[in-house]
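Inspection log for the structure reproduced underneath, given as structure tokens.
Printed below as a string of structure tokens:
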């Protein structure tokens, strides 16, 4: 080993080539040990790989017979020449691999090096079919300083090895093909790229995301099967919407914030949120229809035709002919007959004498005692007794009949109103059933299985490196001569007054390319077999201390472990890789439709303009190799040179500043923030169309407020915590929260009005004038006309009508004998006719004239039970009349609440549309002004 690595014969910085035209062939074989992770948000794939490299170094060949048959040596990698093969699409700025491993050197000069490394490579994540996605992440290997004229990279195997692979719990390896890439237009370019075609295992996301989402979505469909009378339709809808909101926010934290495409699960959640929102809208309409009554709405004929006859047949719904719980509607003839029967019972017709004689409830026992036949003639009854008993009896019966008539009419009107209410409820049920089928069928046809894309080759990145190729012996002599008296700390100028020019161009992959001239590194190519280029470690030469002034992490130094390219003219080219983190003042005024101007300021840290001058070549950054971002679009990237005198020093310091004008791609935030907020905000308007009787108005408002609060918390985590401006989406959410809070206040007031009664509030005349007459006409609201006949007090019966109601209906008793109208049938003529009529004795079967007189006397003296029954009937009738009057006033209060609801419905719709348009049109107006 001492003989091989003797400094006089071996230099580990010189390429092992016997001539300048000889190519060093490097055989590469990638072995995948572990797929550690794939970070979707940062779009970084972390892998544990072994990159096996094999080449031949003629300087490390020996005769094994001279060294006791030793054929293999293991030498530390840092002591021999190594091809500086690095991962070009590195994502963490660490390009070199571990040099602590040994290389295996054989006696014929062949070298095998197997350095382990954990690579973090940039990987463009396609989220379109997430979580059933398939990704193609590439690992691109290339020499950092040598080009195709000096080394050749050859694939030892067409695929990467998986012999020692540890399976991943999240990804399946589909294929690991490798390819050697050359550029026909640039013969100096060559790289080896491995495609990691991986497929996600969807079980985790299926169990934790998809199945819960499907279950929650099914609940949105069931809301149309939930009866409106249960009072929980809105609660179910809002709960489903809140659950989907949580899942949508969870998805937005998992997938990368790219606006190039929308993930499959995001599309499904967005579709479901639209579906649930539409179900809430539909449920509000259904509840509005369900709680309609004859006092507020009139059913149009087309509604009856469509929703009571045609649609039920189409939807296979069969309505029972009549409800068992509803009593049959009494006809007018039946009602008249009932009145007549009641009058006959009260007047005591002879045909009922046996019935009354056997019933002690209706007849006073004392007055019902048997009388002697001698006293059977009515002429013997005192006249004043007949007048008193008949008058009192007629007045009580008159009032009782009026009460019974009112009760029957009231029940008839209630049955008619209940019939209309049942029709409205059935219309609501038909609408529910219609949308039940719509919501079942539509998602089945719209949601199709994902179709995985075919994996194509990764885009190629072309690089330019200068051409160098010379013999190793000449390079060895040249290296010894150049660095014999070289000091890398001293600035390379002949005298202190000569400035140094540094040309720098920052590329989008954050490689800072620097070119300067070092007079101490010049040579004559003819003295060294025409060697024009040399590659030396960056630590061995002087470098300008160019740093990023607006660095945000405190690490101002770049990686100096890469080599620098020397040209015989003294020109030095150094491309140190770095991931710069520069401070950038973010203006979130129009987030997520914002434009940003981020600057990167480069300058020498210790040399002023008298020592180093910075010269900008080109007017802007080089974007030809720009890898498209999923979140930002670069508008322009101009560069500027400044000469600034700082307060700390008297010298002038130059700097080169690049301004990146970038525009945010808003698709991601539109799908995950704006559209859900718009849908939830729209629900605020619906609260004024939701009937107060359903009892869920405040629940809807509070649920909307909670949803917006969740979104507001997400916004505060996304945008910077600055108090200079309020972001556009924050303004919208704040506007909506105020909007919802105001709707809650109004809803509480509306509910207070809705539930007012005559016992608690008196309706002023101005309320009746404004809210019952004027505003309904302005709002195009038509209140059904009340049927006054339904609540009008029945007119009193006269004597003739009372006679017509009993079995003597054919007797005319409109006037007395003298031609004057009788008063309640109390005159002698009418009373005598009533008792002496022929039909009276004809209807008495097997009874004498004395029994007829006895029946009249018995009926004349009413028992206390009869009187109590009459009073009860009168009380029931009066109570129903009072309830009708109270119900009319309650209906007026409810209609006032409905008018207030309708007013604020239109006001909130107008404010919502104008407010939303005014806020989201600001970015367009600002862009036009700019």
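In the working numbering, the protein residues as written are 1 to 930.
By construction, the Cβ of each residue, glycine as well, lies at the ideal position given by its N, Cα and C atoms.
These numbers come from a predicted model, not from an experiment.
{"query": "Buried or exposed (CB count within 10 angstroms, at least 16 for buried), residue 301", "result": "exposed"}
{"query": "In DSSP terms, what residue 639 is bridged to", "result": "658"}
{"query": "Integer Cβ distance of residue 892 from residue 751, believed to fall under 8 Å", "result": "About 16 Å; that fails the 8 Å criterion."}
{"query": "Burial state of residue 854, where buried means 16 or more other Cβ atoms lie within 10 Å", "result": "Confidence is the limiting factor: at residue 854 the pLDDT is only 48, short of 50, which leaves the residue's position unreliable, though a coordinate-based value still follows. Classification of residue 854: buried, given that the 10 Å Cβ count is 16 or more."}
{"query": "Three or more C-beta pairs below 8 Å linking the segment 563-582 and the segment 541-552", "result": "yes"}
{"query": "Residue nearest to residue 141 in terms of C-alpha spacing, selected from 69, 423 and 49", "result": "49"}
{"query": "Unbroken stretches of the beta strand (DSSP E), 3 residues or longer, contained in the segment 575-660", "result": "595-604, 612-615, 632-636 and 639-645"}
{"query": "Residue 28, buried or exposed, once every other Cβ within 10 Å from all chains shown has been counted against 16", "result": "buried"}
{"query": "Residue 942 - DSSP class collapsed to helix/strand/coil", "result": "Here the chain covers residues 1 to 930 and nothing more, so residue 942 does not appear."}
{"query": "Residue span of the beta strand (DSSP E) that contains residue 530, given as start and end", "result": "Here residue 530 belongs to no beta strand (DSSP E), and DSSP marks it neither H nor E."}
{"query": "Three CB pairs or more closer than 8 Å across the segment 140-155 and the segment 122-130", "result": "no"}
{"query": "The segment 525-535 in contact with the segment 576-596 per 3-pair CB rule at 8 Å", "result": "no"}
{"query": "Classification of residue 640 by the beta-carbon crowding that lies within 10 angstroms, buried from 16 upward", "result": "exposed"}
{"query": "Distance between beta carbons of residue 25 and residue 52, contact taken as under 8 Å", "result": "So it is not a contact: roughly 14 Å between Cβ atoms."}
{"query": "Bounding residues of the alpha helix (DSSP H) (the contiguous stretch that carries residue 135)", "result": "First-last for residue 135: 134-143, but that is the beta strand (DSSP E), not the alpha helix (DSSP H)."}
{"query": "Those residues which DSSP pairs with residue 106 across a bridge", "result": "72"}
{"query": "Test item: CB-CB of residue 699 and residue 272 under 8 Å", "result": "no"}
{"query": "Limits of the alpha helix (DSSP H) - the one that residue 869 falls within", "result": "864-920"}
{"query": "Exposed unless 16 or more other CB atoms sit within 10 angstroms - verdict on residue 204", "result": "exposed"}
{"query": "Distance, residue 114 Cα to residue 78 Cα", "result": "13 Å"}
{"query": "Opening and closing residue of the beta strand (DSSP E) in which residue 89 lies", "result": "Unbroken run through residue 89: none, as it is neither H nor E."}
{"query": "Residue 600 burial status per 10 Å Cβ neighbour count (16 or more: buried)", "result": "buried"}
{"query": "Local conformation of residue 177 per DSSP, three classes", "result": "strand"}
{"query": "Residues of its chain near residue 494, where Cβ-Cβ distance is below 6 Å and the 5 sequence neighbours each way are ignored", "result": "Bear in mind that a pLDDT of 45 at residue 494, under 50, signals an unreliable position, so the number given afterwards is only what the model happens to contain. Cβ neighbours of residue 494 beyond the five flanking positions: none."}
{"query": "When 919, 869 and 785 are compared against residue 298, the one with the closest alpha-carbon", "result": "785"}
{"query": "Rounded Cβ spacing between residue 269 and residue 254 (contact assumed at less than 8 Å)", "result": "With 8 Å as the limit, residue 269 and residue 254 do not qualify as a contact, their Cβ atoms being about 12 Å apart."}
{"query": "Between the CA atoms of residue 182 and residue 470 - distance to the nearest angstrom", "result": "No answer about residue 470 holds up, because its pLDDT of 39 lies below 50 and its placement is not dependable."}
{"query": "Simplified DSSP assignment, three categories, for residue 775", "result": "helix"}
{"query": "Local conformation of residue 551 per DSSP, three classes", "result": "strand"}
{"query": "Supposed close pair residue 431, residue 274 - CB separation, criterion 8 Å", "result": "With 8 Å as the limit, residue 431 and residue 274 do not qualify as a contact, their Cβ atoms being about 19 Å apart."}
{"query": "Closest by C-alpha distance to residue 262, when choosing among 638, 549, 672 and 775", "result": "672"}
{"query": "Inter-residue Cα distance where the pair is residue 116 and residue 669", "result": "40 Å"}
{"query": "Spatial neighbours of residue 705 in its chain, beta-carbon cut-off 6 Å, leaving aside the 5 residues before and after", "result": "740"}
{"query": "Residue burial classification, residue 630 (beta-carbon count within 10 angstroms, cutoff 16)", "result": "buried"}
{"query": "The segment 129-137 touching the segment 197-217, judged by at least three CB pairs closer than 8 Å", "result": "yes"}
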